[in-house]
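Visitor: Okay, here's the structure, questions in a sec.
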Amino acid sequence: MVEMGVSLARDKLDVFKPRSAEEVVSMIQDLTKSRFFDLIVLDSLASMTCERELRSDLKDGDNFGASDLTKILSKFFRQVAPMLRQCRTTLLCTNQFRGGSLLFGPVEVPFGGQALGRRSSIRLRTIEPQIREIAGRAPSLQCQVEIIKFDVPDQRQTATSVEFGLVFGEGASWGGSASDLSSEHDAAEEAHDVKKEEKEDRDVKEEQEEGREFCVAQCCFKQVISAALQKSVAMESRLTCKAMVVLCCISLIDCINFTMLIPYVDELVAHVLDRPRGDPGISIWVSALVGSYALCEVLFSPMWGMLADRFGRRPVLLVGLAGSAAASLLMGLADSYPAALAARLLDGFFCGNECVANTYLGELVDSENEARAFGILGVVFSFGLFLGPVLGGGLARPASWEPQVFAGTLFERHPFLLANLLFACLVIAVFLLGAAALKETRVHEQASGLLQNDEAIDLQRRQALLPRGRRLWQLLIASSLLCGYIAARLNSFILVSSLPRTLHGLGISSQEFACVQACAAFMLALNQTTCYGWLVRKVGNHAGYFLGLLWTIAITLPMPFYCTVTETNPSKVLRLLPITGWQATSQLGFGIAFPLCTVLVNKECTARNRAVVNGWCGSLNALARGLGPELAGALVHLGCSLETPDLRFGRYLPFYANLVPATVSAILVLHQRPRSRDSDGNTACELGTQL
Numbered sequence: 001m002v003e004m005g006v007s008l009a010r011d012k013l014d015v016f017k018p019r020s021a022e023e024v025v026s027m028i029q030d031l032t033k034s035r036f037f038d039l040i041v042l043d044s045l046a047s048m049t050c051e052r053e054l055r056s057d058l059k060d061g062d063n064f065g066a067s068d069l070t071k072i073l074s075k076f077f078r079q080v081a082p083m084l085r086q087c088r089t090t091l092l093c094t095n096q097f098r099g100g101s102l103l104f105g106p107v108e109v110p111f112g113g114q115a116l117g118r119r120s121s122i123r124l125r126t127i128e129p130q131i132r133e134i135a136g137r138a139p140s141l142q143c144q145v146e147i148i149k150f151d152v153p154d155q156r157q158t159a160t161s162v163e164f165g166l167v168f169g170e171g172a173s174w175g176g177s178a179s180d181l182s183s184e185h186d187a188a189e190e191a192h193d194v195k196k197e198e199k200e201d202r203d204v205k206e207e208q209e210e211g212r213e214f215c216v217a218q219c220c221f222k223q224v225i226s227a228a229l230q231k232s233v234a235m236e237s238r239l240t241c242k243a244m245v246v247l248c249c250i251s252l253i254d255c256i257n258f259t260m261l262i263p264y265v266d267e268l269v270a271h272v273l274d275r276p277r278g279d280p281g282i283s284i285w286v287s288a289l290v291g292s293y294a295l296c297e298v299l300f301s302p303m304w305g306m307l308a309d310r311f312g313r314r315p316v317l318l319v320g321l322a323g324s325a326a327a328s329l330l331m332g333l334a335d336s337y338p339a340a341l342a343a344r345l346l347d348g349f350f351c352g353n354e355c356v357a358n359t360y361l362g363e364l365v366d367s368e369n370e371a372r373a374f375g376i377l378g379v380v381f382s383f384g385l386f387l388g389p390v391l392g393g394g395l396a397r398p399a400s401w402e403p404q405v406f407a408g409t410l411f412e413r414h415p416f417l418l419a420n421l422l423f424a425c426l427v428i429a430v431f432l433l434g435a436a437a438l439k440e441t442r443v444h445e446q447a448s449g450l451l452q453n454d455e456a457i458d459l460q461r462r463q464a465l466l467p468r469g470r471r472l473w474q475l476l477i478a479s480s481l482l483c484g485y486i487a488a489r490l491n492s493f494i495l496v497s498s499l500p501r502t503l504h505g506l507g508i509s510s511q512e513f514a515c516v517q518a519c520a521a522f523m524l525a526l527n528q529t530t531c532y533g534w535l536v537r538k539v540g541n542h543a544g545y546f547l548g549l550l551w552t553i554a555i556t557l558p559m560p561f562y563c564t565v566t567e568t569n570p571s572k573v574l575r576l577l578p579i580t581g582w583q584a585t586s587q588l589g590f591g592i593a594f595p596l597c598t599v600l601v602n603k604e605c606t607a608r609n610r611a612v613v614n615g616w617c618g619s620l621n622a623l624a625r626g627l628g629p630e631l632a633g634a635l636v637h638l639g640c641s642l643e644t645p646d647l648r649f650g651r652y653l654p655f656y657a658n659l660v661p662a663t664v665s666a667i668l669v670l671h672q673r674p675r676s677r678d679s680d681g682n683t684a685c686e687l688g689t690q691l
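full-length UniProt numbering numbers the first residue of the sequence shown as 1 and each following residue consecutively.
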C-alpha cells in the first residue's frame, strides 16, 4: 500500500467474504452506518451471485440471476448515496470487463451489460494500442488509457487519459506520483459542465467500437487505486460554529478546574486542619490534595475513552460536566481534610472531557480546517491556565475583602465556596448548552447484518483496548514528553524567578508574575492568527511540530543572560522585559507544537479506536505533567546546592536538562514525516515503474 501512496497498515484491513449479493448489500450498509471503517472496497461488483440463484438449479436459457442482480444493485446505489454524505466512509467499487479482445482473456460482459459496468468507481479503457520496439529493450505495448471515475452520490463521472508503455516481462513503464493523476482528475471535474455532452457522445461511440477496448487493470491498477483513494468522494465538514463554541467551553472548563485550586490550596488545607498558614507540617497534605487530581486522571482517562466508544461521545461529555459541577460544590462546602480530599478525588474521576472533546472534534473536522480547529482548542485550553488562578485566588475568602456583603453569611463559614459556586454555575451553563447543541458523532448501535457474519463477530472481539502500532505509540510518547516539558519548564521558571534578591534571585512578586503570564497568553492568541496557519500550510504538520519545539529550545539556551539582565536592572518595568519577552516568544513554539501533536495523534487513529487512543494519550500526558514539575523542583534544589559565590549557574540546571525530552519528542515526530507532499498536504509516494 505504501508503494501506491496510501498509508494503510495490514493490521487495519479486514476481509469479509459474503455468500450472496443480498448479504453484500446488507453488510456494506451496516459497515457504512457503523462508521468503524474509513474505506470499504467492493471487489468484482458484477460477479456477485443472488440468493435465488444459489438456491435454484439453473437450466439453459435461465437468466433471472442477471435481472435480480441489476435490481439489487440499482436499489443499493440509491440507498447508499445519502449514507456516504453523512458517514465518514469512502466506498470504492471495482469491476472489470473485456469486450472483443483476446489479449487479456476471453470476452466477459457483466450482468446488466455496459450499464452495470458504469457503476464501478473506476474503469480503465485502452484505446488503439500500438507495438513499440526500442533497440536493446524488450518490445512494449504503447497504451492510451482512459480513467473514468464514477461519483456515486452525485451520479456523475469524470474522465482523463494517461499514456504509458506495457513492457513485456517488466510491467508498466509509466512512472509518476499519485498526485499527477489527482490533478488531472481535478481538471476534468472543472470542465465537467462544459464538456458533458461531448463526453456522453464519446462514450456512445466507444461502446460501438467493439474490439478496440479492453481492460488493463492488471498493469496499472496501483496507480488508479492511489488516485481514487486520494480523490475519493469528498466529505463536507460537519464542524459548525455552534459545536466549536461548546467544545471550546468544555476545554476552558476542564483547564480552569485543574488550576483554580492552586492559588488557595495552602489556605484551604490550613483552614480544614485548623493550623496557621505557612506551617511546614501542612506541605505534605497540600501535595497530596493537588496530586490526587493528576493521579485520577492517569488512572481513569483510558476508561472514559472506552466508555465513549461504547456509549457515544455526547453522553460522556455531559456526564463529565455534571460530575465536575458536583465535585466543585463539595470542595467549596468541605470543612475537613477527608471531605476536601474526597471532593478532589471525585473531580479527578470525572476527568475524561479533555480526551473525549479531542475525539469529538477529530470526527467533525476535515483536512482543510483540522489544524485550525485544534489550534483554537489549544488556545482556549491555555487561556484557562491563566483564568483559573485568577478565579480561584480572586474569590477566596470574600468576607475579608467585602465584609459588608459576605460577613455573617455562608461564605464566611465556608471561605472558599464563592469561587467553587461560580465555577459550578459556569459548568451547569455549559452543560445545558452542550445538551442542546451537541449531536452524537458515533453511531454506536450494532447492525444485525454484522452479527450474522462469523468474521464480523471475530472482528468485534479483536477490538483492542490498547493502542496498537509503533507509529501511534511514538506519537503518544512524543505527546507526553511535550506535556512534561511544558509543565517542568513553567515550574522551573516559577521557582527560579521567585528566589529572593538576597540569594541573587529575581524576587518577582505574584502580581509581576501575573503580568508576565498575561503577556504570554496574548502572544499565544496572536500566534493562532498569524504564524500557526501559515507555517502549517508551508511545511506541514510534522515539520511544523519540529520547528515549533526547535524554536523553544533555541531561545532557552541564553536563559542565564535573561535572568542576569533582570537581576541587575534597577528599573521596575525594564527589568521584566527580558523574561517577559522570553516567556511570550516561547508561546510561538508551544502554540504550534501543542495543537499539531493532537492533530497527528487523531490522524493516526481510526474511527474504531479514536476515543480509546485519546484516553490513553490523556493518561500519559497527565503522568508527564505530574512528574515534570517534581523533577524540575528537585533539579532546582540540586543546582542551588552546587552554586558558589563566584559561579551561580546551578539554578539553571532544570532548563537545560528539560531540553532532552523536548529534543526526543521533536525527533520522534519528525521521523514520521511523509516522504513527499502534494499540493493538498497529503502523502504522495512515487509510484514504481514495475508493478
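For each residue, glycine too, the CB sits at the ideal point set by N, CA and C.
Buried or exposed for Ser328, going by 16 or more other Cβ atoms inside 10 Å?
Guide: As a working note, residue 328 is residue 328 in the sequence shown. It is buried - the Cβ of Ser328 has at least 16 other Cβ atoms within 10 Å.
Visitor: Given a cut-off of 8 angstroms, decide if Leu295 and Gly348 are closer than it, judged by their beta-carbon atoms.
Guide: The residue you call residue 348 lines up with position 348 of the sequence shown. The residue you call residue 295 lines up with position 295 of the sequence shown. The answer is yes: Cβ separation under 8 angstroms.
Visitor: Thinking Val612 and Gly305 are a contact (beta carbons under 8 angstroms), I'd like their distance in whole angstroms, please.
Guide: Within the sequence shown, the letter at position 612 stands for residue 612. Within the sequence shown, the letter at position 305 stands for residue 305. Correct: roughly 5 angstroms between the Cβ atoms.
Visitor: For Phe655 and Pro389, I'd like the C-alpha separation in whole angstroms.
Guide: The residue given as residue 655 occupies position 655 in the sequence shown. The residue given as residue 389 occupies position 389 in the sequence shown. Cα to Cα, the separation comes out at about 24 angstroms.
Visitor: According to DSSP, is Ile428 helix, strand or coil?
Guide: Counting from 1 along the sequence shown, the entry for residue 428 is found at position 428. Ile428: helix per DSSP, three-state reduction.
Visitor: Would you give the residue range spanned by the beta strand (DSSP E) that Ile40 belongs to?
Guide: Taking the first residue of the sequence shown as 1, we reach residue 40 at position 40. First-last of the beta strand (DSSP E) with Ile40: Leu39 to Leu42.
Visitor: Could you check the C-alpha separation between Pro403 and Ala419 for me, to the nearest Å?
Guide: The sequence position of residue 403 within the sequence shown is 403, counting from 1. The sequence position of residue 419 within the sequence shown is 419, counting from 1. In a straight line, the C-alpha of Pro403 is about 16 angstroms away from that of Ala419.
Visitor: Assuming contact is defined by CB atoms lying nearer than 8 angstroms, are Gly434 and Leu321 in contact in what I supplied?
Guide: Reading the sequence shown from its first residue, position 434 is the one you call residue 434. Reading the sequence shown from its first residue, position 321 is the one you call residue 321. Yes, the Cβ-Cβ distance between Gly434 and Leu321 is below 8 angstroms.
Visitor: On a Cα-Cα basis, can you pick out the residue from Lys603, Arg52, Val669 and Leu653 that is closest to Thr359?
Guide: Taking the first residue of the sequence shown as position 1, residue 359 is located at position 359. When each option's Cα is compared against that of Thr359, the closest is Lys603.
Visitor: Hey, Gly628 and Tyr485: beta-carbon distance below 8 angstroms or not?
Guide: Here residue 628 refers to the residue found at position 628 of the sequence shown. Here residue 485 refers to the residue found at position 485 of the sequence shown. It is a contact, given that the beta carbons lie within the stated cut-off.
Visitor: Taking the continuous beta strand (DSSP E) assigned at Leu472, which residues delimit it?
Guide: For this step, residue 472 is matched to residue 472 along the sequence shown. Run containing Leu472: none in the beta strand (DSSP E); it sits in the alpha helix (DSSP H), Arg470 to Ser497.
Visitor: Leaving out five residues on either side along the sequence, give the residues of the same chain with a beta carbon under 7 angstroms from the beta carbon of Ala243.
Guide: As a position in the sequence shown, residue 243 is number 243, starting the count at 1. So the qualifying residues of the chain are Leu364, Ala437 and Leu438.
Visitor: Which residue comes first and which comes last in the beta strand (DSSP E) that contains Leu91?
Guide: Looking up residue 91 in the sequence shown gives position 91. Run containing Leu91: Thr90 to Cys93, per the beta strand (DSSP E) assignment.
Visitor: Hey, how far is the Cα of Ser641 from the Cα of Ser292?
Guide: For this step, residue 641 is matched to residue 641 along the sequence shown. For this step, residue 292 is matched to residue 292 along the sequence shown. Straight-line Cα distance between these residues: approximately 30 angstroms.
Visitor: Is there contact between the segment 575-594 and the segment 521-537, where contact requires at least three CB pairs shorter than 8 angstroms?
Guide: Yes, since at least three Cβ pairs between the segment 575-594 and the segment 521-537 fall closer than 8 angstroms, the two stretches touch.
Visitor: Please report how far the alpha carbon of Asp186 lies from the alpha carbon of Asn369, in whole angstroms.
Guide: To locate residue 186, count along the sequence shown from 1; it is residue 186. To locate residue 369, count along the sequence shown from 1; it is residue 369. Any reading at Asp186 is ruled out, since the residue's pLDDT is 43, under 50, leaving its predicted position unreliable.
Visitor: For Met523, which residues in the same chain have their Cβ closer than 6 angstroms to its Cβ, ignoring the five residues on either side in sequence?
Guide: For the purposes of this step, residue 523 is identified with residue 523 of the sequence shown, where counting begins at 1. Cβ within range, chain order: Ala584 and Gln587.
Visitor: Can we say the segment 661-669 touches the segment 536-547, given the rule of at least three CB pairs closer than 8 angstroms?
Guide: Taking 8 angstroms as the limit for Cβ pairs, the verdict is that the segment 536-547 does touch the segment 661-669.
Visitor: Measure the CB-CB distance between Asn614 and Cys355 and report whether it falls below 8 angstroms.
Guide: Position 614 of the sequence shown, counted from the start, is the residue given in the question as residue 614. Position 355 of the sequence shown, counted from the start, is the residue given in the question as residue 355. Taking 8 angstroms as the cut-off, the beta carbon of Asn614 is found closer than this to the beta carbon of Cys355.
Visitor: Check for me: the alpha helix (DSSP H) holding Asp347 runs from which residue to which?
Guide: Here residue 347 is taken as the residue at index 347 of the sequence shown, counted from 1. Run containing Asp347: Tyr337 to Phe349, per the alpha helix (DSSP H) assignment.
Visitor: List the residues that DSSP assigns as beta-bridge partners of Thr644.
Guide: Counting from one through the sequence shown, the residue named residue 644 turns up at place 644. Thr644 is bridged to Leu647.
Visitor: Which term fits Asp254, buried or exposed, when burial requires 16 or more other beta carbons within 10 angstroms of its beta carbon?
Guide: Here residue 254 refers to the residue found at position 254 when the sequence shown is read from its first residue. Asp254 should be labelled buried.
Visitor: Rounded to a whole number of angstroms, what is the C-alpha to C-alpha distance between Gln79 and Thr606?
Guide: The residue you call residue 79 lines up with position 79 of the sequence shown. The residue you call residue 606 lines up with position 606 of the sequence shown. Approximately 25 angstroms, taken between the alpha carbons.
Visitor: Take the Cβ of Val660 as the centre, count every other Cβ of all protein chains shown within 10 Å, and call the residue buried at 16 or more, exposed below.
Guide: Reading the sequence shown from its first residue, position 660 is the one you call residue 660. Flag for Val660 reads exposed.
Visitor: Going by C-alpha distance, which of Asp366, Ile508, Tyr264 and Gln672 is nearest Thr240?
Guide: Indexing the sequence shown from 1 puts residue 240 at position 240. Comparing Cα positions, the closest option is Asp366.
Visitor: Measure the C-alpha to C-alpha separation of Ser498 and Ile579 and round it to an integer number of angstroms.
Guide: Taking the sequence shown and counting its residues from 1, the one referred to as residue 498 is at position 498. Taking the sequence shown and counting its residues from 1, the one referred to as residue 579 is at position 579. Our two residues, Ser498 and Ile579, have alpha carbons roughly 13 angstroms apart in a direct line.
Visitor: Where does Phe36 fall in DSSP's three states?
Guide: Numbered from 1 along the sequence shown, position 36 holds the residue referred to as residue 36. Three-state result, Phe36: coil.
Visitor: According to DSSP, simplified to helix, strand and coil, what is Thr49?
Guide: In the sequence shown, residue 49 corresponds to position 49, counting from 1. Note: Thr49 maps to coil in three-state DSSP.
Visitor: Please look up how many angstroms separate the CB atoms of Val496 and Val316, rounded, as I've assumed it's under 8 angstroms.
Guide: Counting from one through the sequence shown, the residue named residue 496 turns up at place 496. Counting from one through the sequence shown, the residue named residue 316 turns up at place 316. Contact flag wrong, Cβ pair sits at about 40 angstroms.
Visitor: Contact between the segment 617-625 and the segment 548-558 is defined here as three or more beta-carbon pairs at a separation below 8 angstroms; is this criterion met?
Guide: Contact between the segment 617-625 and the segment 548-558 is absent, because fewer than three Cβ pairs lie under 8 angstroms.
Visitor: Can you tell me which of the three DSSP states Met523 falls into?
Guide: Mapped onto the sequence shown, residue 523 falls at position 523. Note: Met523 maps to helix in three-state DSSP.
Visitor: For Glu440, count neighbouring C-beta atoms within 10 Å of its own C-beta (all shown protein chains included) and say buried if the count is 16 or more, exposed if not.
Guide: Numbered from its first residue, the sequence shown carries residue 440 at position 440. By the neighbour-count rule (16 or more Cβ atoms within 10 Å), Glu440 is not buried but exposed.
Visitor: In the DSSP assignment, find the unbroken alpha helix (DSSP H) run with Val405 in it and report its ends.
Guide: The residue labelled residue 405 in the question sits at position 405 within the sequence shown. Per DSSP, Val405 belongs to the alpha helix (DSSP H) from Pro403 to Phe406.
Visitor: Secondary structure at Glu363, three-state DSSP: helix, strand or coil?
Guide: Start at 1 with the first residue of the sequence shown, and residue 363 comes out as number 363. Coil at Glu363, not helix or strand.
Visitor: DSSP three-state call for Val15: helix, strand or coil?
Guide: If you number the sequence shown from 1, residue 15 lands on position 15. The answer is coil: DSSP assigns Val15 none of H, G, I, E or B.
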